[in-house]
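For the sequence shown, position 513 (counting from the first letter as 1) is numbered 513 according to the UniProt record's numbering, and the numbering increases by one without interruption. Here a beta-carbon is modelled for each residue, glycine too, at the ideal position from N, C-alpha and C. Just so you know, these numbers come straight off a predicted model, no measurement behind them. Here's the structure we're looking at; comments come further down.
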Amino acid sequence: MKSVCIVGAGPAGLVTAKTFLDTEQFDVTIYEKHDRIGGIWALDEDTQDAFLSPFTPTNLSKFTVGFSDLDWNEIDARSKSSTSSVNGAKKPRVPLYPKAHHVNRYLEEYTRRYLTDAKICLSTKVISASRTCKYGSDSACWSIKTESHTGHHGQETFEHFVLASGFFSRPRSIGHDLPDASGKNEKDYSKIIHSSRFRVLADLFPRGPAQDTNILIIGGGNSAGETAAAVAMQLSNARWSPNKGQTQRYQGCKVIHVTPRPMYAIPPFVEYEEGSRSYVPVDLKLYDYSKRPQGMESYGGQQVPQVRDIVHKSIQTMVGGDQADLGSNALVSNGEGADRGTAYVALTETYSEFVRSGLIEVNAGRVLDLNYLDSLHSAVIAHDGQQSTVENISAVIYATGYDPTSAIDFLDDDVKTALDFDSTSMRLPVLLEQWQTVNRRVPDLAFVGMYEGPYWPMMEIQGRLTASRWLGETAYAEQRPFETVSRLEEMRLSMQRKGLDVGQFWFNDYLGYCEDIADHLGLSRLHGKFGPKQGCTSPARFKTANTQVSQAQAILDDLHETWFACIDKGRYVPRAVLRALHGEWNISRRIESTDLAYSGTLQGSANFHPRFPTADKSDKVFDLEYLYIESGTFTNASRLEMKASRRYVYRYAEQDDTLSIWFVKPDNDLEVDYLFHNLAFVSPVDARKAGTCVAKADHLCVEDMYWTKYTLPMEAIVLRKFEIEHVVKGPHKDYTSTTRYTRPAKRPR
């Protein structure tokens with residue numbers, strides 16, 4: 001038996017451990033510095049000090065955040081406080097985008113099932129890793145020194161060593177990205193936290209209100225967009241929650257997001273094809289086999305101008321344009337060719353519409369310095385050779401990335417030198433090849449998941465590649481052009497110079513890499529009910545001799561059902577529509593009644609305000625909730641004018657994919673009262689025939705019947721206009737109400 005040491009009990013370490021154990025030729029020891037497995041997912045519903053909030057959803061769906069040997073449907077999604085097991089209710093399914101605490105349950109179950117033969121040392125930090133013999137020796141060449149949380153020191157030797165400690169091992173300090181920040185006093189950095197530490201607004205303002213101040217978000221990547229949206233969501237909820245105690249505390253507070261580059265906000269559900277009127281999880285669209293040209297080679301590294309333009313165009317098609325309609329020039333990628341940077345994205349459901357509404361204000365540039373005076377900050381921002389200042393900042397959240405060097409620091413200097421280690425390179429600290437798993441100078445050291453944006457299936461197949469190589473089953477593959485030392489060194493230099501040619505994720509062809517490695521290893525494929533060029537990438541599609549076929553087949557069956565429910569039946573159209581309703585609208589209503597006294601027109605405005613789902617007497621569970629408020633002037637047929645207003649609550653439940661509208665209480669117009677109607681959306685086929693998404697509903701109000709039709713001409717993920725028609729018939733009412741909604745023009749800022 002060969003001995004292998006794995007550092008890190010996150011997804012990469014756990015799946016690699018299982019891969020080695022499956023061969024029955026390795027003794028596996030895992031060292032994990034924290035007191036539970038999971039890595040950044042080491043948390044439960046009550047954890048407050050982890051890298052993530054327990055309720056943060058994954059960026060990609062469960063079909064990409066998962067392994068081939070464990071079906072997500074076998075994970076219990078009930079909360080700790082749930083009583084569903086007592087009252088006999090059906091267990092809820094894990095959301096398509098699982099919450100962080102669900103992910104930990106998945107990893108705990110994975111460990112329980114498959115890692116009983118591994119030695120897992122929790123609360124044990126590796127403090128030194130050195131080689132004690134020449135490469136190629138049959139001896140145990142890795143000397144690993146450890147320290148436990150109690151201060152106990154240990155030392156063991158191993159033949160092989162796997163670094164799976166993660167690219168997100170430590171938040172990058174704010175001083176790294178503020179060139180003028182040296183010499184500041186500690187008070188100058190009060191109320192400043194890394195995005196991984198943000199949970200709730202009260203953490204930023206423990207001693208009182210933050211009325212009419214700005215919360216500054218620094219960063220130009222996914223975390224910055226996510227954090228800005230999360231803060232804005234809490235501000236919106238504080239304003240529109242039935243809990244009136246929150247309403248005044250943050251009144252007038254808004255988010256200022258400073259980004260060095262434009263970025264696109266992509267929601268979790270996007271249109272499958274332009275004009276298809278069907279919506280799918282974003283990863284099902286991005287990694288669709290049918291959209292990849294036959295024979296296309298995998299790619300990575302720096303992007304030439306032509307590729308940059310193609311990527312921008314593709315993303316703009318996905319998000320419904322260049323984002324100029326949001327009213328922020330900082331989010332518009334101008335120019336083309338060599339002067340245009342690579343496309344950056346933030347995977348967030350609400351960011352773009354919070355920008356449109358003005359709750360998030362986006363400024364282009366880089367923050368050079370922060371100054372502190374009388375409990376408030378000011379920020380100096382540089383952009384296009386000029387400087388400006390943002391005042392009245394009550395808190396700062398910096399989302400400027402992570403420092404992976406702490407995951408490598410314990411290696412001896414000679415090993416670091418062999419790896420071309422550069423402690424100043426936050427994005428490419430070591431130079432690797434073989435799909436970022438090894439440097440040939442240190443062949444008995446492997447890396448799994450040690451790159452920006454690692455996908456779980458990629459970690460799994462990297463582990464398979466490493467095990468096969470160390471068992472002598474496969475040789476090194478032909479080196480990919482983007483992994484040569486010269487190309488990596490060139491890219492590292494461009495990264496440090498903030499060059500325009502390096503993408504947000506340089507190692508970004510997930511589908512291509514999985515297929516490459518599978519071909520190199522000679523893996524057969526499982527397609528389930530899909531054809532070979534149908535559906536999207538899944539770890540369950542790559543079969544080894546040790547694959548748990550029943551689990552893989554269950555995953556593929558679930559993926560197949562979800563795929564065609566979205567494309568053919570219109571699943572998640574309600575959620576995509578609700579997202580697009582967010583924000584302000586101009587409204588124009590015409591009422592035609594058999595009683596002329598009730599006929600007339602209304603001109604006014606309406607707003608859909610996001611807030612966290614609220615409880616009501618129905619006891620139903622909802623995932624999203626928007627408070628609808630309209631006001632305007634009604635002019636009847638006799639030209640008499642009167643002020644008019646109304647409120648509803650729009651609610652979405654993922655378990656049955658239903659969008660419903662509810663009345664508010666007469667004595668408290670922030671609280672839900674009872675159901676108005678559920679929307680029934682027509683199929684994508686019928687929507688394509690109509691040239692628009694259509695939803696219908698009906699409602700009996702005592703003796704009068706309401707028939708309602710929503711006409712929703714979605715353009716990708718965007719609504720620019722829509723219409724609601726109510727036809728009402730009964731002994732007391734006989735009228736037709738038609739309301740047209742249009743977006744107010746936005747002046748660029």
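Would you report the Cα separation of Ala554 and Arg541, rounded to the nearest angstrom? Indexing the sequence shown from 1 puts residue 554 at position 554. Indexing the sequence shown from 1 puts residue 541 at position 541. So the two alpha carbons sit approximately 11 angstroms from each other.
Can you tell me which of the three DSSP states Tyr114 falls into? Sequence index remark: in the sequence shown, residue 114 carries index 114 (1-based). If DSSP states are grouped into helix, strand and coil, Tyr114 belongs with the helices.
Alpha carbon to alpha carbon, what distance is there between Ile192 and Glu186? Residue mapping note: residue 186 aligns to position 186 of the sequence shown, counting from 1. Residue mapping note: residue 192 aligns to position 192 of the sequence shown, counting from 1. Confidence at Glu186 is low in this model, with a pLDDT of 47, below 50, so its placement is unreliable and the value that follows should be read with caution. One C-alpha to the other measures close to 11 angstroms.
Cβ atoms of Leu60 and Tyr106: under 8 angstroms apart, would you say? By one-based count along the sequence shown, residue 106 stands at place 106. By one-based count along the sequence shown, residue 60 stands at place 60. Contact annotation: Tyr106 and Leu60 have beta-carbon atoms that are not nearer than 8 angstroms.
Per the contact definition of three or more C-beta pairs closer than 8 angstroms, is the segment 718-735 in contact with the segment 617-626? No: fewer than three Cβ pairs fall under 8 angstroms.
Check the DSSP bridge columns for Ile266 and list the partner residues they point to. On the sequence shown, residue 266 is found 266 positions in, with the first residue counted as 1. Paired residue(s): Leu347.
Helix, strand or coil: which one does DSSP assign to Leu70? The residue you call residue 70 lines up with position 70 of the sequence shown. If DSSP states are grouped into helix, strand and coil, Leu70 belongs with coil.
For Leu204, is the classification buried or exposed, using 16 other Cβ atoms within 10 angstroms of its Cβ as the cut-off for buried? Translated into positions along the sequence shown, residue 204 becomes position 204. Label assigned to Leu204: buried.
Reduced DSSP secondary structure (H/G/I, E/B, other) of Glu654: On the sequence shown, position 654 is the one that residue 654 refers to. Glu654 sits in coil when the DSSP states are folded into three classes, being neither helix nor strand.
Shortest alpha-carbon distance to Leu640 belongs to which of Pro666, Val415, Thr601? Position 640 of the sequence shown, counting from 1, holds the residue named residue 640. Nearest C-alpha to Leu640: Thr601.
Going by beta-carbon coordinates alone, are Leu359 and Ser468 separated by less than 8 angstroms? Locating residue 359 in the sequence shown gives position 359, counting from the first residue. Locating residue 468 in the sequence shown gives position 468, counting from the first residue. With a cutoff of 8 angstroms on beta-carbon distance, Leu359 and Ser468 are scored as not near each other.
Between the CA atoms of Phe63 and Trp563 - distance to the nearest angstrom: Residue mapping note: residue 563 aligns to position 563 of the sequence shown, counting from 1. Residue mapping note: residue 63 aligns to position 63 of the sequence shown, counting from 1. Straight through space, the alpha carbons of Phe63 and Trp563 are spaced by roughly 11 angstroms.
Take the Cβ of Glu391 as the centre, count every other Cβ of all protein chains shown within 10 Å, and call the residue buried at 16 or more, exposed below. The residue given as residue 391 occupies position 391 in the sequence shown. With fewer than 16 other Cβ atoms inside 10 Å of its own Cβ, Glu391 counts as exposed.
By the three-class DSSP mapping on this structure, what secondary structure does Asp414 have? Position 414 of the sequence shown, counted from the start, is the residue given in the question as residue 414. Reduced to three states, the DSSP call for Asp414 is helix.
Going by the CB atoms, is the gap between Gly8 and Val128 shorter than 8 angstroms? Position 128 of the sequence shown, counted from the first residue, corresponds to residue 128. Position 8 of the sequence shown, counted from the first residue, corresponds to residue 8. A small correction: the amino acid at residue 128 is Ser; Val does not occupy that position in the sequence shown. In this structure, Gly8 does not lie closer than 8 angstroms to Ser128 by Cβ.
Skipping 5 residues on each side, what residues in its chain have a beta carbon closer than 7 angstroms to that of Pro481? The residue given as residue 481 occupies position 481 in the sequence shown. Answer for Pro481: Arg487, listed in chain order.
Status (buried if at least 16 other CB within 10 Å, exposed otherwise) for Thr83: As a first step, residue 83 is located in the sequence shown; it is residue number 83 there, counting from the start. At Thr83 the pLDDT is 45, less than 50, meaning the model places this residue with poor confidence and gives no usable figure here.
Drop a sphere of 10 angstroms on the beta-carbon of Lys533, count the other beta-carbons inside from all chains shown, and report buried for 16 or more, exposed for fewer. Here the question's residue 533 lines up with position 533 in the sequence shown. Its Cβ having fewer than 16 others within 10 Å, Lys533 is exposed.
If you run the structure through DSSP and keep just helix, strand and coil, what is Ala745? On the sequence shown, residue 745 is found 745 positions in, with the first residue counted as 1. In the three-state reduction of the DSSP assignment, Ala745 falls in the coil class, being assigned neither a helical nor a strand state.
Going by CA-CA distance only, name the one from Phe26, Thr711, Met495 that's closest to Glu159. Taking the first residue of the sequence shown as position 1, residue 159 is located at position 159. Of the candidates Phe26, Thr711, Met495, the one whose C-alpha sits nearest the C-alpha of Glu159 is Phe26.
To the nearest angstrom, how far is it from the Cα of Ala475 to the Cα of Leu521? Taking the first residue of the sequence shown as position 1, residue 475 is located at position 475. Taking the first residue of the sequence shown as position 1, residue 521 is located at position 521. Their Cα atoms are separated by approximately 10 angstroms.
In DSSP terms, what Asp734 is bridged to: Against the sequence shown, residue 734 aligns to sequence position 734. Note: Asp734 sits in a beta bridge opposite Lys729.
On the premise that Pro404 lies in contact with Phe167, defined as a C-beta separation below 8 angstroms, what is that separation, rounded to the nearest angstrom? Your numbering for residue 167 matches position 167 in the sequence shown. Your numbering for residue 404 matches position 404 in the sequence shown. The Cβ separation is near 5 angstroms, so the contact holds.
Beta bridge counterpart(s) of Leu602 as assigned by DSSP: If you number the sequence shown from 1, residue 602 lands on position 602. Beta-bridge pairing links Leu602 to Arg589, Phe634.
If you run the structure through DSSP and keep just helix, strand and coil, what is Gln25? For the purposes of this step, residue 25 is taken as residue 25 along the sequence shown, with counting starting at 1. Three-state DSSP puts Gln25 in coil, outside helix and strand.
For a test of the three-state rule: what should DSSP assign to residue 793, helix, strand or coil? Here the chain covers residues 1 to 749 and nothing more, so residue 793 does not appear.
With 16 other CB atoms within 10 Å as the buried threshold, where does Glu74 fall? On the sequence shown, residue 74 is found 74 positions in, with the first residue counted as 1. By the neighbour-count rule (16 or more Cβ atoms within 10 Å), Glu74 is not buried but exposed.
Sheet register partners of Phe642 (DSSP bridge): What you label residue 642 is simply residue 642 of the sequence shown in a count that begins at 1. Before going further, note that residue 642 is Met rather than Phe in the sequence given. Met642 is bridged to Phe634.
So, Ala224 versus Ile217, is the Cβ gap smaller than 8 angstroms? Position 224 of the sequence shown, counted from the start, is the residue given in the question as residue 224. Position 217 of the sequence shown, counted from the start, is the residue given in the question as residue 217. Yes.
When you compare only the Cα positions, how much space is there between Val282 and Thr742? Position 282 of the sequence shown, counted from the first residue, corresponds to residue 282. Position 742 of the sequence shown, counted from the first residue, corresponds to residue 742. Rounded to whole angstroms, the gap between the alpha carbons of Val282 and Thr742 is 27 angstroms.
By a C-beta neighbour count over all protein chains shown, 10 Å radius and 16 as the cutoff for buried, is Pro11 buried or exposed? Position 11 of the sequence shown, counted from the start, is the residue given in the question as residue 11. It counts as buried.
On the DSSP letters alone, give me the boundaries of the beta strand (DSSP E) that Ile174 sits inside. Position 174 of the sequence shown holds residue 174. Counting along the chain, Ile174 falls outside any beta strand (DSSP E), and DSSP gives it neither H nor E.
Between the C-alpha atoms of Val86 and Phe612, what's the straight-line distance to the nearest angstrom? Sequence index remark: in the sequence shown, residue 86 carries index 86 (1-based). Sequence index remark: in the sequence shown, residue 612 carries index 612 (1-based). Because Val86 sits at a pLDDT of 44, beneath the cut-off of 50, its placement in the model cannot be relied upon, and the point is left open.
Does the distance from the C-beta atom of Ile724 to that of Tyr706 stay below 8 angstroms? Here residue 724 corresponds to residue number 724 of the sequence shown, with the count starting at 1. Here residue 706 corresponds to residue number 706 of the sequence shown, with the count starting at 1. No, they are not a contact pair.
Coarse secondary structure for His520, derived from DSSP in three states: Numbered from 1 along the sequence shown, position 520 holds the residue referred to as residue 520. In this structure, His520 counts as helix in the three-state DSSP scheme.
Cβ shell of Asp322 (< 8 angstroms), same chain only, five flanking positions each side left out: As a working mapping, residue 322 is identified with position 322 in the sequence shown. The answer, listed in chain order, is Gln316, Val332, Ser333.
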